[in-house]
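> Here it is, the structure in full.
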Amino acid sequence: MERADLLRCPARVTLDAAQMAFFDGLPTEAPSVQSELGCELERGHEGSHAALGQQVEATMWWVQWTLSASEINPYTWCPGCSLFDGHSGDHSPALAGPTSPAAGD
Ligand SMILES: [Zn+2]
Ligand SMILES: [Zn+2]
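Final position of the sequence shown in the working numbering is 272; the numbers increase by one with none missing.
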């Protein structure tokens, strides 16, 4: 198993028909969104889970969900990593490239 999998939140979400229709209607030539997405935040993060659904130019459409609800929201990139601006938790070390080992803990 890769290190990235150990750090990644294990939550998953299944998009409903309306959400799939929303993504299908976006003006992008990217491949269709998968109906099941995995959270891209770090394991143990606070707040809603989040998975990138689709990107249209500078706008990223993220699916965010809790145990009771899910929604799709537009974001811009986080300046520190490949997640959305304002995400909870760390700037994903697994996605941001090589980092030095955490010193003292
Ligand atoms: Zn999560
Ligand atoms: Zn970040």
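Note that beta-carbon positions come from the ideal geometry of N, C-alpha and C, so glycine has one too.
Report the three-state DSSP secondary structure of residue 177 (helix, strand or coil).
Coil at residue 177, not helix or strand.
> At a threshold of 8 Å, does residue 254 count as lining ligand 2 (C-beta to nearest heavy atom)?
Yes, ligand 2 has a heavy atom inside 8 Å of this Cβ.
> Relative to the C-alpha of residue 236, which residue among 216, 192 and 197 is closest?
The shortest C-alpha separation from residue 236 is found at 216.
> For the pair the region 194-202 and the region 233-248, tell me if three or more CB-CB distances fall below 8 Å.
Judged by Cβ distances under 8 Å, the region 194-202 makes no contact with the region 233-248, as fewer than three pairs qualify.
> What's the gap between the Cα of residue 185 and the Cα of residue 192?
Whole-angstrom Cα-Cα distance: 11 Å.
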